[in-house]
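Residue numbers (this note's numbering), protein chains in the order written: chain A, 1 to 483; chain B, 1001 to 1194.
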Amino acid sequence: MVQPQRTDETFEMIGPGHNYESVTEKISSVVLSRRISVLWLALVLVFAHIAGLFGLGAVMTLFWGVGTWGNNIPVGWAFGIINFVWWIGIGHAGTLISAILLLLHQNWRTSINRFAEAMTLFAVFCAAQYPLFHIGRHMYAYWMFPVPNSMGLWPQFKSPLIWDVFAINTYLLVSALFWFVGLIPDLATLRDRARTKPAKIIYGMLAMGWRGSALHWRRYTALYLLLAGLSTPLVLSVHTIVSFDFAFGNVPGWHTTIFPPYFVAGAVFAGFAMVLILAIPLRAAFHLRDVITMKHLENCAKVMLATGMIVVYGYIMEVFFGWYSGSEYERYMTFVTRMNLNESPYAWSWYALLICNGLAIQPLWFKKVRTNPLALFVISLFVSVGMWLERFVIIVTSLTRDFLPAAWGNYSPTWVDWALYIGTIGLFFTLFLLFIRLLPAISIAEMRELVAHHGHGTASFTEHGTEEMADARLVEEHPTNKF
Amino acid sequence: MTYVLDQSHQALKIGEDRLLYGYMAEFEHAEDVVAAARRVRDAGYKKIDAYTPFPVEGLSEALGFRDHWIPFLMLIGGIVGCIGGFALVYYCTVIAYPLNIGGRPLFSWPMYIPVTFECTVLVAALTGVLGMFLLNGLPMPYHPVFDHPDFDRASSDRFFLCIEARDPNFDFTETRRFMETLGALHVSDIELRK
Chain A
1 MVQPQRTDET FEMIGPGHNY ESVTEKISSV VLSRRISVLW LALVLVFAHI AGLFGLGAVM
61 TLFWGVGTWG NNIPVGWAFG IINFVWWIGI GHAGTLISAI LLLLHQNWRT SINRFAEAMT
121 LFAVFCAAQY PLFHIGRHMY AYWMFPVPNS MGLWPQFKSP LIWDVFAINT YLLVSALFWF
181 VGLIPDLATL RDRARTKPAK IIYGMLAMGW RGSALHWRRY TALYLLLAGL STPLVLSVHT
241 IVSFDFAFGN VPGWHTTIFP PYFVAGAVFA GFAMVLILAI PLRAAFHLRD VITMKHLENC
301 AKVMLATGMI VVYGYIMEVF FGWYSGSEYE RYMTFVTRMN LNESPYAWSW YALLICNGLA
361 IQPLWFKKVR TNPLALFVIS LFVSVGMWLE RFVIIVTSLT RDFLPAAWGN YSPTWVDWAL
421 YIGTIGLFFT LFLLFIRLLP AISIAEMREL VAHHGHGTAS FTEHGTEEMA DARLVEEHPT
481 NKF
Chain B
1001 MTYVLDQSHQ ALKIGEDRLL YGYMAEFEHA EDVVAAARRV RDAGYKKIDA YTPFPVEGLS
1061 EALGFRDHWI PFLMLIGGIV GCIGGFALVY YCTVIAYPLN IGGRPLFSWP MYIPVTFECT
1121 VLVAALTGVL GMFLLNGLPM PYHPVFDHPD FDRASSDRFF LCIEARDPNF DFTETRRFME
1181 TLGALHVSDI ELRK
């Protein structure tokens, strides 16, 4: 086994010497501490300014219309849907961690599920911006929903785009509910530990009077487990439906049955990369190395490697079926538009994609790399770029060179496209930074459960005697002392 | 001296202005509260509850809770969502807005599945969450147990067991004496605020 580089690194799920009180204190103090670190504030300001770019792009779009984007005919779908699919995919790892790993009794999910779920919410929120602004005529947005209207119009329910409306909205709502239900016991903890009046009131209202009654816990755990059970097929359906947006069309390069599984695997791949991008700085900045341990990072890296290899298999199959289809359009798409650097202006993106998603993850076969946070961080950045390129390849190469050469055209994004894209990255990180200071980034109640299962929940277990311990002893000896 | 329940049948009148909600025992270990719950239950008490910082395995069974409302409600929600979603798509594509596309059948049910599925999940999840809140009586900003001086630790590292005064077997002195034998750190009164 490779030795951890730092003395405080551990390969256990939780560092040694933790009890109920110490995990509670450790996680809640991140939120309740009144010290505002300069680094945190600086990062919030930087990302909030980047998020401002989104505002600028949105104003441009609302004022002058979608014409400010690079979209044209034949590339009617471009940055909007590339970014949409990218963000939705990133969101999926959160649901996978919180729901599927819960059902599979993977206890290591406990310390990363909360912020991964937050990541899901923020990512889906960012994703939702693109369809919202792409519709152009915002006063007609309700046309997407089955709302009775005086025109007698109803949505086209045989179109995957309408399925998308239902899938994304359901996903956003169910993820938000799952996240909030998970937060309630922790909000109660914050309510009980808050020292300032406003914090007590706000967390108190959010906790809704949760008092940890055994009967409440019984219903709560039943609900939580069933929500996980519902979220699992939901997350698979969402990205399957997103892939239908393409696979239902007959454009060369889109019309393949491998899309649903390949999209779902790609989503999980991108999502775990984002989990690592968020977790590695988070654990360093808030001294959470004993809660988000090496075991978590290594497991995330393993999932990333596994899903990444599924994605690579998808790329190989796309090439194979491009050839095997016998269709000259499919063959042209695969071997010329995507692969031929001399003939196609976009072939670079296909090779860049292979480097980012195929080559960059290969070092993850080695434990030395999987346990090196810096290496993981860099690889995760490569994967994030790679997964964005994957959607770029699918959308732009396919649409620019479809059937008739007379209908071919090129695409290039405008600055408004870039502003909207980079802006949502700023928005995402701003929301995330606010989240880690306003809500517990790790589920405290579940950490206590983990401590209980590891058999050292009580205060007296810790070797370095705490105040807590002395306090408990005092009460034991003189029960009346406490009051 | 015998005490009687007040008009709300929630608490025992123990003085001019004093209402007893129940007795609360405080424990340090999760296993102790489960063992104590079993003893309290065996002694015939029914109006009991425990307050813990995380779901303790076996505690609700030890207290005799047999509540299966959540799965049932979610099943009903799922069925309603499923039928409702399917009916919505059927209504739109066959009755309200029939579109003849190359003579394909209007009632093409395989195309209805994705929306039906999403509606099933959505309604089941909403019913489950709303059901949990309603059954638990949340939000409830104030509850008598919050008056316990140590109760802020119920969300951190202490386990509480409460026998409520409205229990038919509750006795002002006997119940207190019984609770002292449960091995708790201490037992205290919970009074109902007027």
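The C-beta atom is built at its ideal place from N, Cα and C for all residues, glycine as well.
Predicted model only: the values in this text are computed from it and were never measured.
Host beta strand (DSSP E) of residue i (start-end)
i, result
"PHE1151/B", "Note, PHE1151/B: premise wrong, no beta strand (DSSP E); not H, not E."
"ALA1025/B", "1019–1027"
Length of the line joining the Cα atoms of residue i and residue j
i, j, result
"GLU330/A", "THR61/A", "35 Å"
"LEU341/A", "ALA406/A", "21 Å"
"PHE1178/B", "PRO373/A", "56 Å"
"THR462/A", "GLU21/A", "With a pLDDT of 38 at THR462/A, under the threshold of 50, the modelled position of this residue cannot be trusted; read the value that follows with caution. The alpha-carbon atoms of THR462/A and GLU21/A are separated by roughly 11 Å."
"ALA141/A", "VAL451/A", "49 Å"
"THR334/A", "PRO185/A", "53 Å"
"SER349/A", "PRO131/A", "24 Å"
"ALA441/A", "ARG1176/B", "41 Å"
"SER1188/B", "LEU1020/B", "11 Å"
"SER98/A", "VAL1123/B", "20 Å"
"ASN149/A", "PHE432/A", "39 Å"
"HIS296/A", "VAL393/A", "32 Å"
"GLU12/A", "ILE162/A", "45 Å"
"TRP86/A", "PRO1139/B", "37 Å"
"GLY204/A", "ILE1101/B", "56 Å"
"GLY70/A", "PRO413/A", "5 Å"
"LEU404/A", "LEU173/A", "42 Å"
"ALA51/A", "GLN362/A", "33 Å"
"VAL368/A", "THR293/A", "In the sequence on display, residue 368/A carries Lys and not Val. Each residue's Cα considered, the two are about 15 Å apart."
"ALA207/A", "VAL268/A", "31 Å"
"LEU1099/B", "PHE244/A", "21 Å"
"ALA228/A", "GLY57/A", "37 Å"
"LEU510/A", "VAL311/A", "Outside the shown range of chain A, which is 1 to 483, sits residue 510/A, and nothing can be said about it."
Endpoints, the alpha helix (DSSP H) within which residue i is located
i, result
"VAL451/A", "444–453"
"MET294/A", "294–324"
"SER1188/B", "Element bounds for SER1188/B: not the alpha helix (DSSP H) but the beta strand (DSSP E), 1186–1192."
"ASP1032/B", "1030–1042"
"LEU353/A", "347–353"
Cβ pair residue i, residue j closer than 8 Å
i, j, result
"GLU318/A", "ILE258/A", "yes"
"ARG448/A", "VAL23/A", "yes"
"ALA222/A", "ILE1083/B", "no"
"SER159/A", "ILE277/A", "no"
"PRO155/A", "MET144/A", "yes"
"PHE166/A", "GLU117/A", "no"
"LEU102/A", "VAL1121/B", "no"
"HIS1143/B", "GLY209/A", "yes"
"GLU446/A", "THR110/A", "yes"
Burial state of residue i (16 or more Cβ within 10 Å)
i, result
"LEU104/A", "exposed"
"THR7/A", "Because THR7/A sits at a pLDDT of 46, beneath the cut-off of 50, its placement in the model cannot be relied upon, and the following sentence gives the value as read from the coordinates. When all chains shown are included, THR7/A counts as exposed."
"GLU343/A", "exposed"
"ALA284/A", "exposed"
"ALA1087/B", "exposed"
"THR1181/B", "exposed"
"ALA1017/B", "The sequence given here has Asp at residue 1017/B, not Ala. When all chains shown are included, ASP1017/B counts as exposed."
"SER1156/B", "buried"
"LEU96/A", "buried"
"ALA419/A", "buried"
"GLU390/A", "buried"
"GLY308/A", "buried"
"SER37/A", "exposed"
"THR1173/B", "exposed"
"TRP254/A", "buried"
Among the options, the one whose alpha carbon lies nearest that of residue i
i, options, result
"ILE88/A", "LEU234/A, PHE125/A, LEU439/A", "PHE125/A"
"HIS1148/B", "ASP1042/B, MET1024/B, THR1093/B", "MET1024/B"
"VAL46/A", "PHE428/A, TRP154/A, TYR315/A", "PHE428/A"
"ILE484/A", "ILE14/A, ILE100/A, VAL378/A", "Residue numbering for chain A in the displayed model covers 1 to 483; residue 484/A lies beyond these limits and cannot be assessed."
"GLY17/A", "THR430/A, VAL291/A, ASN410/A", "VAL291/A"
"PRO345/A", "THR400/A, GLY322/A, VAL303/A, ILE394/A", "THR400/A"
"ILE112/A", "MET274/A, TRP418/A, ILE425/A", "MET274/A"
"SER443/A", "ALA188/A, GLY67/A, LEU121/A, TRP163/A", "ALA188/A"
"GLY1081/B", "VAL1033/B, GLU1180/B, PRO1114/B, ARG1038/B", "PRO1114/B"
"ALA127/A", "TYR171/A, VAL147/A, MET151/A", "TYR171/A"
"PHE79/A", "THR424/A, PHE435/A, GLU446/A, LEU434/A", "THR424/A"
"GLY426/A", "VAL44/A, TRP40/A, SER29/A", "VAL44/A"
"TYR1097/B", "SER231/A, LEU434/A, ASN83/A, PRO146/A", "PRO146/A"
Residue i beta carbon near the ligand MG (any heavy atom closer than 7 Å)
i, result
"ILE395/A", "The ligand content of the structure shown is nil, which means the ligand MG is not present either."
CB contact below 8 Å: residue i versus chain C
i, result
"SER29/A", "Chain labels in this structure do not include chain C; the protein chains are A and B."
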